[in-house]
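**Student:** Protein chains in written order, with the numbering used here: chain V, 1 to 227; chain L, 1001 to 1227.
A single structure is presented below for examination.
Number of protein chains: 2
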Amino acid sequence: MAAKRAIKKQSLPDVIADDLRQRILSGELAEGETIRQEALAEEYDVSRMPIREALKRLSAEGLVQWANNRGGSVTRHSLPEIGEIFDLRILIEVDLFRRAIPCMTNSDFARCEDILRQMETSYDKNDVGRWGKLNHAFHTALYAASRRNLTNELLDRVSLQADRYVRMHLSVMKQREPARKEHRDLLELAQSGKVEEACELLSRHIRRSKEQLLEMIAAKRSEQETL
Amino acid sequence: MAAKRAIKKQSLPDVIADDLRQRILSGELAEGETIRQEALAEEYDVSRMPIREALKRLSAEGLVQWANNRGGSVTRHSLPEIGEIFDLRILIEVDLFRRAIPCMTNSDFARCEDILRQMETSYDKNDVGRWGKLNHAFHTALYAASRRNLTNELLDRVSLQADRYVRMHLSVMKQREPARKEHRDLLELAQSGKVEEACELLSRHIRRSKEQLLEMIAAKRSEQETL
DNA sequence: TTGCTGTATTTTGGATACGAGTATCTTTTG
DNA sequence: CAAAAGATACTCGTATCCAAAATACAGCAA
């Protein structure tokens, strides 16, 4: 069949929300930073209206906090909250993985393989933004076979939050080697149908990065306090 | 300490979104119904602007679907999707319950008791809307001790969807007696610290209402098709 | 009759303008 | 001198207006 070239029409709030999201994820807009509609409007050379919509959307996603008549600011999570975000990822991802594995076909595995290869090349280039995206794509591909759209959407929201903190510290993370191997192992376990082992590994995989990250963020924050 | 009487200032989009949400939950705005901004604006006697914001918010909550330049409509879920929603409830609620039980204090139990009593009086009055709210409040109270704000927020979003379908069929549900007993049992098991048993019961409790509901919705929908 | 095309109407998206709410700074008073 | 009251500046929220997109419909041709 001729592939439909469905171009997704993006309205201004769409593209602005996307851009702002990236700026928050990349840390360009820092935690706690206050947001002024007019400033952004001028920056993007549009009226305040699409800015408002974009901000409201990000607010619904949890990236910015909003107060009536008082404007917004980039959400700042406490350490326990960040831990909670990763616990949510474990909860949801393991459930999805368990449901997905029995349904995975060769094309699913191929797709995961493909992403994994791309990741391994970008390891070397130290391209943080790209690695983050691929990491997320890999996890998404693992659960695609579950056919659980709503759950996957929910996971996307949670992962968005997690990614903020992952990217913040990705550049400083020394040992990405273990993660690399774990990704391979995850795929292999899934391929050989070892559901429980695979889920167990996935759980450990996320928990490990959670602990590593919490440590780094705690260090960074206590350091900032002493300034 | 003196309880803070933080009055939440509600802007127009707030109250409109709340009202529309109720109208969708109550079924006054039916599945698939298209939404016209101007009509609502006239109805609430405001401009289209606050309506737009309210709709966007409901869209973020998943209650309405939005298409660029094409307006919105009340979300309609497929049967598998409705099942998925309840599976999500099981996943998240059981996790919260397990974390909450060890942390529950006497005041937590008292609060649950209180809601339970209110529910039992409204059983008789067949006050569907009120029962739905109390049911949700009871589940929320069960998990309050977990102190997991983000997870509870996520659950609220999911429960919102579930409540739509619960309320749709609450009036026709014959046997609410089992649910009544299960609620009591849940509380007692939690009180005596039997974590695993309590979680097991909770899982069954939700799964049962899922199955009951899916059956009814399937019947209703196939009936509508033959018209 | 059927299918296409161009136009008209409807509906949404975005800009501008105005009004309301907040915070800050100054002034006044105890 | 401190604290409260008032004035001012600034930002957000809402209404109105205009432009762009989508849909519906009518007319025309095969």
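Even glycine gets a Cβ: it sits at the ideal position worked out from N, Cα and C.
Bear in mind the structure is a predicted one, so any value in this text is a computation, not a measurement.
1) Only counting the same chain, and skipping five residues up and downstream in sequence, which positions put a Cβ closer than 7 Å to that of V:Gln191?
2) Tell me the residue span of the beta strand (DSSP E) that contains L:Ser1059.
3) In chain V, which residues lie with their C-beta within 8 Å of the C-beta of L:Lys1133?
4) Counting only beta-carbon atoms, is V:Thr121 nearer than 9 Å to chain L?
5) Considering only the alpha carbon of each residue, which of L:Glu1113, L:Glu1061, L:Leu1029 lies closest to L:Asp1185?
6) Could you check what DSSP says for L:Ser1073 in three-state terms: helix, strand or coil?
7) Restricting to Cα atoms, I'd like to know which of V:Ala137, V:Ser107, V:Val128 is closest to V:Leu116.
8) How long is the line joining the alpha carbons of V:Glu84 and L:Gly1132, rounded to whole angstroms?
9) Helix, strand or coil: which one does DSSP assign to L:Ala1190?
10) If you reduce the DSSP assignment to three classes, tell me which class L:Thr1034 lands in.
11) Name the chain V residues whose beta carbon is nearer than 7 Å to that of L:Arg1148?
12) Strictly below 9 Å CB to CB, what residues from chain V border L:Ala1060?
13) Does any CB atom of chain L fall closer than 9 Å to the CB of V:Asn69?
14) I want to see whether chain L comes within less than 9 Å of V:Ser73, judged by CB atoms only; does it?
15) For the alpha helix (DSSP H) that V:Ala162 lies in, which residues bound it at each end?
16) Are the CB atoms of V:Leu201 and V:Glu177 nearer to each other than 9 Å?
17) Residues of chain L with a CB under 7 Å from the CB of V:Ser107: which are they?
18) How do the segment 1147–1156 of chain L and the segment 1197–1212 of chain L stand: do at least 3 beta-carbon pairs fall below 8 Å, yes or no?
19) Would you kindly check if the distance between the Cβ of V:Met119 and the Cβ of V:Leu142 is under 9 Å?
20) Should L:Glu1093 go down as buried or exposed, given a rule of 16 or more other Cβ atoms within 10 Å for buried?
21) With a Cβ-Cβ cutoff of 9 Å, do L:Arg1148 and L:Glu1061 count as a contact?
22) What distance in whole Å lies between the Cβ atoms of L:Gln1065 and L:Ser1078, which are believed to be in contact at a cut-off of 8 Å?
23) I'd like to know whether the C-beta of L:Arg1052 is nearer than 9 Å to at least one C-beta of chain V.
24) For L:Leu1088, return the contacting residues in chain V, with the cut-off set at a CB-CB distance below 8 Å.
25) Are the beta-carbon atoms of L:Leu1063 and L:Gln1037 separated by less than 9 Å?
26) Which residues in the same chain have their Cβ closer than 7 Å to the Cβ of L:Arg1130, if we skip the five residues on either side of it in sequence?
27) Compute the beta-carbon to beta-carbon distance between L:Ile1101 and L:Leu1214, rounded to the nearest angstrom, for a pair I have assumed lies under 8 Å.
28) Would you kindly report the start and end of the unbroken beta strand (DSSP E) that includes V:Gln65?
29) Where do the ends of the alpha helix (DSSP H) carrying L:Met1216 lie?
30) Give a yes or no on whether 9 Å exceeds the smallest Cβ distance from L:Leu1214 to chain V.
31) Between V:Leu25, V:Pro13, V:Ser222, which lies nearest to V:Arg167 when the distance is taken from Cα to Cα?
**Tutor:** This is what the structure holds:
1) Phe109, listed in sequence order.
2) Counting along the chain, L:Ser1059 sits inside no beta strand (DSSP E); it lies in the alpha helix (DSSP H) bounded by residues 1048–1061.
3) Under the 8 Å cutoff, chain V gives no residues; its nearest Cβ is about 23 Å from L:Lys1133.
4) For V:Thr121, the answer is no, since every Cβ of chain L falls outside 9 Å of its Cβ.
5) Checked all of L:Glu1113, L:Glu1061, L:Leu1029; the closest Cα to L:Asp1185 is L:Glu1113.
6) Note: L:Ser1073 maps to strand in three-state DSSP.
7) Nearest neighbour of V:Leu116 by Cα position, chosen from V:Ala137, V:Ser107, V:Val128, turns out to be V:Ala137.
8) Roughly 28 Å between the two C-alpha positions.
9) Here L:Ala1190 sits in helix by DSSP.
10) L:Thr1034: strand per DSSP, three-state reduction.
11) Think of a sphere of 7 Å around the beta carbon of L:Arg1148: the chain V residues whose beta carbon falls inside it are Glu84, in chain order.
12) Here the neighbours are Lys56, Arg57, Ser59, Ala60, Glu61.
13) Interface residue, yes.
14) Chain L has no Cβ within less than 9 Å of the Cβ of V:Ser73.
15) For V:Ala162, the enclosing alpha helix (DSSP H) stretches over residues 149–170.
16) Cβ atoms of V:Leu201 and V:Glu177: not closer than 9 Å.
17) Listed along the chain, the chain L residues whose CB falls inside 7 Å of the CB of V:Ser107 amount to none; the nearest CB is some 22 Å away.
18) Output reads no: the segment 1197–1212 of chain L does not touch the segment 1147–1156 of chain L.
19) In terms of Cβ geometry, V:Leu142 and V:Met119 do not form a close pair [threshold 9 Å].
20) L:Glu1093 comes out buried.
21) Result no, Cβ atoms of L:Arg1148 and L:Glu1061 do not sit closer than 9 Å.
22) At roughly 13 Å, the Cβ-Cβ gap does not stay under 8 Å, so L:Ser1078 and L:Gln1065 are not in contact.
23) Yes, because at least one Cβ of chain V sits closer than 9 Å to the Cβ of L:Arg1052.
24) Under the 8 Å cutoff, chain V gives Leu150, Thr151, Leu154.
25) Going by C-beta atoms, L:Leu1063 is not nearer than 9 Å to L:Gln1037.
26) The residues are Ser1122.
27) L:Ile1101 to L:Leu1214, Cβ: 29 Å. No contact.
28) Per DSSP, V:Gln65 belongs to the beta strand (DSSP E) from 64–67.
29) It spans 1195–1225 - the alpha helix (DSSP H) in which L:Met1216 sits, taken as one unbroken run.
30) With 9 Å as the cut-off, L:Leu1214 does not count as an interface residue toward chain V.
31) Residue V:Leu25 is the option with its Cα nearest to V:Arg167.
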